[in-house]
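Quick note, in my numbering, the sequence shown goes up one by one and the last residue is 347. C-beta: ideal position from N, C-alpha, C; glycine also. Everything on this sheet refers to the single structure shown next.
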Amino acid sequence: SASRPPAFADAVAEAVGGDLTPLGSAGAKTAAVVRGEADAYIHAGGQYQWDSAAPAGVALARGFVAVRVDGSPLEYNVEDTYLPDLVVCRADLADDILAAIASVG
243 SASRPPAFAD
253 AVAEAVGGDL
263 TPLGSAGAKT
273 AAVVRGEADA
283 YIHAGGQYQW
293 DSAAPAGVAL
303 ARGFVAVRVD
313 GSPLEYNVED
323 TYLPDLVVCR
333 ADLADDILAA
343 IASVG
């Protein structure tokens with residue numbers, strides 16, 4: 243997230259050979275990934291389900307990966323509406339990005 247990048251963002255970007263790009267909302271960041279303008283959107287500052295449900299759904303429908311930073315599935319329509327973290331990325335980058343997060347996060 244550009245407005246609140248995770249503490250590990252620089253280390254993950256370096257590990258996968260990427261750069262950080264500031265963007266607006268969760269929807270704008272996910273759209274940039276889906277349009278091929280960015281490789282990944284990583285958010286670890288917490289948000290509510292309604293902030294990412296539609297963007298994650300669009301990404302998943304288009305064949306992208308949308309998971310928690312530990313690789314576990316996103317869960318929506320649950321009692322606790324707080325979602326602590328999110329990764330949206332190209333499927334071919336998912337393993338490398340999640341491994342980089344695990345190694346520095």
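Check: Run of the alpha helix (DSSP H) containing residue 258, from where it starts to where it stops; Outcome: 251-258
Check: Paired residues, beta bridge with residue 329 - DSSP; Outcome: 284 and 309
Check: Coil, strand or helix - residue 247 by DSSP; Outcome: coil
Check: Start and end residues, alpha helix (DSSP H) containing residue 266; Outcome: First-last for residue 266: undefined, no H or E at that position.
Check: Beta bridge counterpart(s) of residue 315 as assigned by DSSP; Outcome: 309
Check: Inter-stretch contact (C-beta, 8 Å, three-pair minimum) for the segment 253-261 and the segment 295-309; Outcome: no
Check: Opposing strand residues paired with residue 289 [DSSP bridges]; Outcome: 325
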